[in-house]
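For reference, the structure is listed below as structure tokens.
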Amino acid sequence: MSVTIRLLAHASIQIKTENQNIYIDPSTKGTGLKKDDFEPADLILVTHGHQDHFDKGIIKKIRKMGSPIIAPENLKKELGGGIVWGMSAGEHMVINDGTVIWAVPAYNVKRFRKPGEPFHPLGLGVGYIIKIEDKKIYHAGDTDLIPQMEELPELDVALVPSGGTYTMDMTEASQAILLMKPKIAIPMHLRGADPEALKTTVESESSTEVVILGEGESHTIG
2 MSVTIRLLAH ASIQIKTENQ NIYIDPSTKG TGLKKDDFEP ADLILVTHGH QDHFDKGIIK
62 KIRKMGSPII APENLKKELG GGIVWGMSAG EHMVINDGTV IWAVPAYNVK RFRKPGEPFH
122 PLGLGVGYII KIEDKKIYHA GDTDLIPQME ELPELDVALV PSGGTYTMDM TEASQAILLM
182 KPKIAIPMHL RGADPEALKT TVESESSTEV VILGEGESHT IG
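With my numbering, the residue at position 157 of the sequence shown is 158, and numbering never jumps.
Structure representation (structure tokens):
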């Protein structure tokens, strides 16, 4: 089965197969996206509660009746009715169609609002690994380079924040990719940064292919 990964904007990602349409962090807030940029969703994943990742209005609009939402436990009450599953890092679940979702840690270790107060403290949010048949796709969420990345399973695709300020910068994202060794890495959460240097570094030091997507562009793995 082929899987198409589309970078809508920022960290809003669409994962599409012939049977399902999945969104990670769909948001119109601070992303430049509009409601019409989204299709009805079979599954929605939210990494954390910052508005550029968590948009209750767009979630309500695109969610099909009966479609589940997966989010950190601290957002579960905000999402109201329907099927809402809270997950913490280290947990996993199997969706009815056989898709497996793992929640993994995502947090800052060097980016702070003020001393001792990270933008993304441990426990605020998560990243996700989505397994569709034999394909594993990792969305890192908003995170710095953290030791748990070395413990991740073999990945087909890693979606890695790379823009600095609130997440890893290009140098750190390169280090993370080299640590994880995915088959394909896709920079996201760029905040205007140019990922060409990341691509050069990673591809010269590993077998990972770095795919740079502009907003609205997609890449298909088969």
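From the three backbone atoms N, C-alpha and C, an ideal C-beta is built for every residue, glycine too.
In this text the structure is predicted, and so the values were computed from the model without any measurement.
Three-state secondary structure (DSSP) of residue i
i: K62; result: helix
i: G213; result: At residue 213 the sequence reads Ile, which differs from the Gly that was named. The answer is coil: DSSP assigns I213 none of H, G, I, E or B.
i: A141; result: coil
i: S175; result: helix
i: Q15; result: strand
i: M169; result: coil
i: M181; result: helix
i: A194; result: coil
i: V47; result: coil
i: M2; result: coil
i: S219; result: strand
i: L160; result: strand
i: L34; result: coil
Assigned exposure category for residue i - 16 Cβ within 10 Å defines buried
i: D143; result: buried
i: S28; result: buried
i: G126; result: buried
i: N109; result: buried
i: D145; result: buried
i: H93; result: exposed
i: H151; result: In the sequence as presented, His is not what sits at residue 151; that position holds Glu. So E151 counts as exposed.
Of the residues the options, the one placed nearest residue i, counting alpha carbons only
i: I84; options: T209, K57 and L44; result: L44
i: L191; options: E40, D53 and K132; result: D53
i: I131; options: D38, A104 and T32; result: A104
i: D135; options: K115, S208, L156 and I59; result: L156
i: E210; options: G82, A42, E173 and T201; result: T201
i: G81; options: G58, K111 and N97; result: G58
i: Y167; options: E197, L214, E118 and E204; result: E118
Cβ-Cβ distance between residue i and residue j below 8 Å
i: I70; j: P106; result: no
i: L160; j: I14; result: yes
i: A186; j: G165; result: no
i: M169; j: P162; result: yes
i: K17; j: D56; result: no
i: P154; j: K182; result: no
In chain order, which alpha helix (DSSP H) runs of at least 4 residues are fully inside the region 56-139?
-> Whole alpha helix (DSSP H) segments, 4+ residues: 57-63.
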